[in-house]
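FYI, the numbering for the sequence shown is 737 to 901, going by this note's numbering. Please read the structure below before turning to the comments.
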Amino acid sequence: MKKIKYSKPLSLLNQKGFSLIELIIILVIIGIMIAASSSRLKDITTNARVGASINQITGDIDQAKTISMSMRSQIQIIFNQNNETYTIYKDGILYNDFPGSENGIVNLLGDDNNADVDITSVSLNGSNTLTFDKWGNCLQSGTIVLNNDRQIQIKNLTGHWEIIN
C-alpha cells in the first residue's frame, strides 16, 4: 500500500500576523473615524462656549439688577458687537469693581481670544444699552443674539430674561 502525501491548504487560520494590506485598511478606517469625530467635537466645543457665554451674560444682568437696587445707583450694560465685550457703568462712570469684569469690561472670548462666540446683534429698544434704575427696574426690553441663533430675550421693567433656541 502506497501512502499519499498531501499538502495543507493555506488558510487564514494558519497564518501568523497580518499582511501589509490589512494593516493599511485598518489605518484608513481609523483615520476616517477620527476625521468624522473631530468635526463633531468642534460643534460640541462651540456649543459649550456659547452656553457659557449665555450664562455669563444672564448672570451679569441679574448681578447688575441686584447692584442697582442695593447701591441705589443706575447700572448700564453697553454691548459691543465688534469685539464681543460689554462694559458696565455705575451712575455713568465705568464700574471697575463689577464682579467678573476686568476694569468694568467683560470679554466673552476670554484670555485665549477664541472666535467661537459672536455677539451677532443687540436690539434693546433700538440701542445696545441695557439700563437698570436705582430701584432695579429695567428700562429696556429686547434681544441679544449670539452666533446667529441663540437669543436672550430681556423683558422691560422686571429685567427677567429668557433663552430662545
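All residues carry an ideal CB built from backbone N, CA and C; glycine is no exception.
Which of the three DSSP states, helix, strand or coil, is assigned to residue i?
i: T802; result: helix
i: E820; result: coil
i: I829; result: strand
i: L866; result: strand
i: Q889; result: strand
i: Q812; result: strand
Just to confirm my understanding: we take residue i, look at its own chain, exclude 5 residues before and 5 after, and list those with CB closer than 6 Å. What are they?
i: Q812; result: Y825, T865, T867
i: K891; result: S877
i: G836; result: none
i: G862; result: none
Hey, quick one: how far does the beta strand (DSSP E) through residue i stretch, first residue to last?
i: V881; result: 878-882
i: S857; result: 855-860
i: N843; result: 841-843
i: E898; result: 897-900
For residue i, I'd like the list of residues in its chain whose CB is within less than 7 Å of its CB, leaving aside the five on either flank, ordered along the chain.
i: T794; result: I888, W897
i: F815; result: Y822, I855, V858, N864, I880
i: W871; result: M805
i: L893; result: N873, C874
Hey, how far is the Cα of residue i from the Cα of residue j?
i: Q792; j: V764; result: 42 Å
i: V842; j: I829; result: 16 Å
i: L777; j: N901; result: 20 Å
i: K801; j: Y831; result: 14 Å
i: L875; j: V853; result: 27 Å
i: K752; j: E758; result: 13 Å
Using C-beta distances below 8 Å, list every residue in its chain close to residue i, excluding the 5 sequence neighbours before and after it, in chain order.
i: I790; result: L882, R886, I888, I899
Any chance the region 775-787 sits against the region 868-886, with 3 or more Cβ pairs inside 8 Å? yes
May I ask you to verify whether the region 769-779 touches the region 818-832, counting CB pairs closer than 8 Å and requiring at least 3? No, because fewer than three Cβ pairs between the region 769-779 and the region 818-832 fall closer than 8 Å, the two stretches do not touch.
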